[in-house]
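Following: one structure in structure tokens, then a few remarks.
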Amino acid sequence: MKPKILIIYTGGTIGMIENQQTGALEPFDFDHLIDNVPKIKMLDYQIDNVQVSPPIDSSDMSPDRWTEIACHIRDNYDSFDGFVVLHGTDTMAYTASALSFMMENMHKPVIITGSQLPIGEVRTDGEENLITALQIAAATRSNGQPVVQEVAILFENYLWRGNRATKMSADNFNAFKSNNYPPLARIGLGINYNHEALMRHYVEAPVNLRVAMDTNVMFIDLYPGMTEAILRHQFNTPGVKGVVLKTFGAGNTPSSKWFVNVISEAVDRGIVVLNVTQCVNGGVHEKRYVSSDRLAAVGVISGHDITSEAAITKLMFLFGLGLSSDEVKRALLRPIAGEMTVPE
Ligand code: ASP
């Protein structure tokens, strides 16, 4: 039996072509993309495709499109062995995080990839990324189960857990990294899977799609010199229900009384505040410094080692379920899809 893979094309540099007048890259259709990868025929797979239309630069990605992608996967779930999502790199980590939360019990590979150079360019990284993503989506263990049972990002030499990955470079072919989780696979001469890091699903249950996302959430990024008026103004954003507070180091914040008061008043008004570090590596350690401990005391939740992308989409997802602030706070304490490590 040939592996059956569905390619879901959303746009991104991989499928872009240069506008003759302006020289700027713009999204183009799937047929153009696939015509540029004749090698795909060398894979003995049955490949089908759908286009999330029209193809976009991923800076235009939105929860509606996440829903569209998730619905394509759900509707084709039983007919395909794996899914490859072609996506722009700019917001790929947000999409990967959102999809991982939206698709409960998903135990088939969803491999998201794209490229830094368009597929039509001589030095493109797109061809290799697409072929490798297809191979990973088709890979099975000796018992017939898929090797990858989660949403993952494949880029150049690595496969990363999708909700652990961050775009690290606007130039390098190795554009993504998980700073707090090992690679799921290293790609060199072969594809070497890290079986200990890969997610396993032991219970067979139907995929439960929960696509409602509540976008009344925001980032607040701290910096030395931030004034009370500015912080207050941000917390008073109309309709805001959840804030990802990007703090210093191990979750530390200024010690001024006004600072803690603004946060504590926001929490009392029912705003959920999730503490995430600005550092690229490591996480929030509430008890290490007085300056992080006092946030926990007023009801701020630790995001531990979660990425910003996973944090904001997790808030959208949990509020999208219609949970109250207290329920969201409780749900934030646990990982949903392997997106954070909670210390024992
Ligand atoms: N701006 C492009 C996008 O995210 C960048 C890329 O695909 O690499 O769609």
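Under the working numbering, the letters of the sequence shown match residues 1 to 344, in that order.
Where is the CB? At the ideal position from N, CA and C, for every residue including glycine.
These figures come from a predicted structure and were not determined experimentally.
**OP:** For F235, name the three-state secondary structure that DSSP assigns.
**Re:** Locating residue 235 in the sequence shown gives position 235, where the first residue counts as 1. Helix at F235.
**OP:** Identify whether L130 lies in helix, strand or coil by the three-state DSSP scheme.
**Re:** As a working note, residue 130 is residue 130 in the sequence shown. In the structure shown, L130 adopts helical secondary structure according to DSSP, grouped into three states.
Subject >> the ligand ASP heavy atom lying under 7 angstroms from the CB of Q116 >> reply: As a working mapping, residue 116 is identified with position 116 in the sequence shown. Indeed, a heavy atom of the ligand ASP lies less than 7 angstroms from the Cβ.
**OP:** Provide the residue span of the alpha helix (DSSP H) that contains F319, from first to last.
**Re:** Here residue 319 is taken as the residue at index 319 of the sequence shown, counted from 1. Taken as a continuous stretch (DSSP letters only), the alpha helix (DSSP H) holding F319 covers S308 to G320.
Original post:
For F83 versus A137, is the C-beta distance shorter than 8 angstroms?
Top reply: In the sequence shown, the residue the question calls residue 83 occupies position 83. In the sequence shown, the residue the question calls residue 137 occupies position 137. Yes, the pair counts as a contact, with Cβ atoms nearer than the cut-off.
Original post:
If you run the structure through DSSP and keep just helix, strand and coil, what is A205?
Top reply: In the sequence shown, residue 205 corresponds to position 205, counting from 1. The answer is coil: DSSP assigns A205 none of H, G, I, E or B.
Subject >> Contact test: D57 Cβ vs the ligand ASP heavy atom, cutoff 7 angstroms >> reply: Locating residue 57 in the sequence shown gives position 57, where the first residue counts as 1. Checking every heavy atom of the ligand ASP against the Cβ of D57, one is found closer than 7 angstroms.
Subject >> Identity of the residue in D35, G270 and D125 nearest T13 by Cα >> reply: Position 13 of the sequence shown, counted from the start, is the residue given in the question as residue 13. Of the listed residues, the one whose Cα sits closest to T13 is D125.
Subject >> DSSP state of T22 mapped onto helix, strand, coil >> reply: Counted from its first residue, the sequence shown places residue 22 at position 22. It is coil, neither helix nor strand.
Subject >> Backbone secondary structure at I336 - three-state DSSP >> reply: One-based indexing of the sequence shown puts residue 336 at position 336. Of the three classes helix, strand and coil, the one that applies to I336 here is coil, per DSSP.
Subject >> Distance, E127 Cα to M16 Cα >> reply: Locating residue 16 in the sequence shown gives position 16, counting from the first residue. Locating residue 127 in the sequence shown gives position 127, counting from the first residue. Their Cα atoms are separated by approximately 13 angstroms.
**OP:** May I have the straight-line CA-CA distance separating T307 from T95, to the nearest angstrom?
**Re:** Translated into positions along the sequence shown, residue 307 becomes position 307. Translated into positions along the sequence shown, residue 95 becomes position 95. Annotation: T307 to T95 spans about 13 angstroms, alpha carbon to alpha carbon.
**OP:** Within its chain, find whatever has a CB closer than 6 angstroms to the CB of I7; leave out the 5 residues flanking it on each side and keep chain order.
**Re:** On the sequence shown, position 7 is the one that residue 7 refers to. If we look at I7 and ignore the five residues flanking it on each side, its Cβ neighbours are N49 and V84.
Original post:
Can we count G322 as close to the ligand ASP, meaning its CB is less than 7 angstroms from some heavy atom?
Top reply: Here the question's residue 322 lines up with position 322 in the sequence shown. Because no heavy atom of the ligand ASP lies under 7 angstroms away, the Cβ of G322 does not count as near it: no.
Subject >> For V276 and P38, the rounded distance between their alpha carbons >> reply: Here residue 38 refers to the residue found at position 38 when the sequence shown is read from its first residue. Here residue 276 refers to the residue found at position 276 when the sequence shown is read from its first residue. For P38 and V276, the distance between alpha carbons rounds to 44 angstroms.
Subject >> Delimiting residues of the alpha helix (DSSP H) encompassing T277 >> reply: Locating residue 277 in the sequence shown gives position 277, counting from the first residue. Premise fails: T277 lies in the beta strand (DSSP E), V272 to T277, not in any alpha helix (DSSP H).
**OP:** From the DSSP output, in three-state form, read off Y94 for me.
**Re:** Along the sequence shown, one-based indexing puts residue 94 at 94. Correct three-state label for Y94: helix.
Subject >> Nearest candidate by alpha-carbon position, reference L295, set V260, H233 and S169 >> reply: Here residue 295 refers to the residue found at position 295 of the sequence shown. Out of V260, H233 and S169, V260 has the C-alpha closest to the C-alpha of L295.
Original post:
What did DSSP end up calling K241 once you bin it into helix, strand or coil?
Top reply: On the sequence shown, position 241 is the one that residue 241 refers to. Three-state DSSP puts K241 in coil, outside helix and strand.
Subject >> Check: D90 C-beta below 7 angstroms from any heavy atom of the ligand ASP >> reply: For the purposes of this step, residue 90 is taken as residue 90 along the sequence shown, with counting starting at 1. Taking non-hydrogen atoms of the ligand ASP into account, the C-beta of D90 is found less than 7 angstroms away from one of them.
Original post:
Roughly how many angstroms lie between the CA atoms of N194 and Q46, to the nearest whole one?
Top reply: Working through the sequence shown from its first residue, we reach residue 194 at position 194. Working through the sequence shown from its first residue, we reach residue 46 at position 46. Using only the alpha carbons, I get a separation of about 27 angstroms.
Subject >> Residues near C279 in its chain [Cβ-Cβ closer than 7 angstroms; skip 5 each side] >> reply: For this step, residue 279 is matched to residue 279 along the sequence shown. The residues are G249.
Original post:
By Cβ distance, which residues of its chain are closer than 8 angstroms to T237, with the 5 residues on each side in sequence left out?
Top reply: Position 237 of the sequence shown, counted from the first residue, corresponds to residue 237. Beyond the five residues adjoining it in sequence on each side, T237 comes within less than 8 angstroms, by CB distance, of M218 in the same chain, given in chain order.
**OP:** Work out the CA separation of Y77 and E204 for me, nearest whole Å.
**Re:** Residue numbering aside, residue 204 sits at position 204 when the sequence shown is read from its first letter. Residue numbering aside, residue 77 sits at position 77 when the sequence shown is read from its first letter. When the Cα atoms are used, E204 and Y77 turn out to be separated by approximately 14 angstroms.
Subject >> Proximity test, G242 beta-carbon vs the ligand ASP heavy atom, cut-off 7 angstroms >> reply: Counting from one through the sequence shown, the residue named residue 242 turns up at place 242. G242: no, Cβ never under 7 angstroms from the ligand ASP.
**OP:** May I ask whether a heavy atom of the ligand ASP can be found less than 7 angstroms away from the beta carbon of G144?
**Re:** Translated into positions along the sequence shown, residue 144 becomes position 144. Because no heavy atom of the ligand ASP lies under 7 angstroms away, the Cβ of G144 does not count as near it: no.
Subject >> Integer Cβ distance of V240 from I263, believed to fall under 8 angstroms >> reply: For this step, residue 240 is matched to residue 240 along the sequence shown. For this step, residue 263 is matched to residue 263 along the sequence shown. That belief does not hold up - the Cβ atoms of V240 and I263 are roughly 13 angstroms apart, past 8 angstroms.
Subject >> Rounded C-alpha distance that separates K108 from R74 >> reply: Locating residue 108 in the sequence shown gives position 108, counting from the first residue. Locating residue 74 in the sequence shown gives position 74, counting from the first residue. Roughly 11 angstroms between the two C-alpha positions.
Original post:
In the DSSP assignment, what residue or residues form a beta bridge with A185?
Top reply: Indexing the sequence shown from 1 puts residue 185 at position 185. Partner(s): L159 and Y193.
Subject >> Proximity winner among R161, L134, L318 and Q51, relative to M213 (alpha-carbon distances) >> reply: To locate residue 213, count along the sequence shown from 1; it is residue 213. That would be L318, whose Cα lies nearest to the Cα of M213.
Subject >> Anticipated Cβ contact below 8 angstroms, F28 with Y9, distance rounded >> reply: Position 28 of the sequence shown, counted from the first residue, corresponds to residue 28. Position 9 of the sequence shown, counted from the first residue, corresponds to residue 9. Contact between F28 and Y9 fails: their C-beta atoms lie close to 10 angstroms from each other, not under 8 angstroms.
Subject >> Supposed contact pair L274 and L245 - C-beta distance, whole angstroms, cut 8 angstroms >> reply: Residue numbering aside, residue 245 sits at position 245 when the sequence shown is read from its first letter. Residue numbering aside, residue 274 sits at position 274 when the sequence shown is read from its first letter. That pair is a contact at about 7 angstroms.
**OP:** Kindly indicate the opening and closing residues of the alpha helix (DSSP H) around P63.
**Re:** Looking up residue 63 in the sequence shown gives position 63. Unbroken alpha helix (DSSP H) run through P63: P63 to D75.
**OP:** In angstroms with no decimal places, state the Cα-to-Cα distance between N180 and T113.
**Re:** By 1-based counting over the sequence shown, the position of residue 180 is 180. By 1-based counting over the sequence shown, the position of residue 113 is 113. Here the alpha carbons of T113 and N180 stand approximately 20 angstroms from one another.
Original post:
So H87 and S53 are in contact, right, with Cβ under 8 angstroms, and what is the actual spacing, rounded?
Top reply: Here residue 87 is taken as the residue at index 87 of the sequence shown, counted from 1. Here residue 53 is taken as the residue at index 53 of the sequence shown, counted from 1. Their Cβ separation, rounded to whole angstroms, is 14 angstroms, which puts H87 and S53 out of contact at 8 angstroms.
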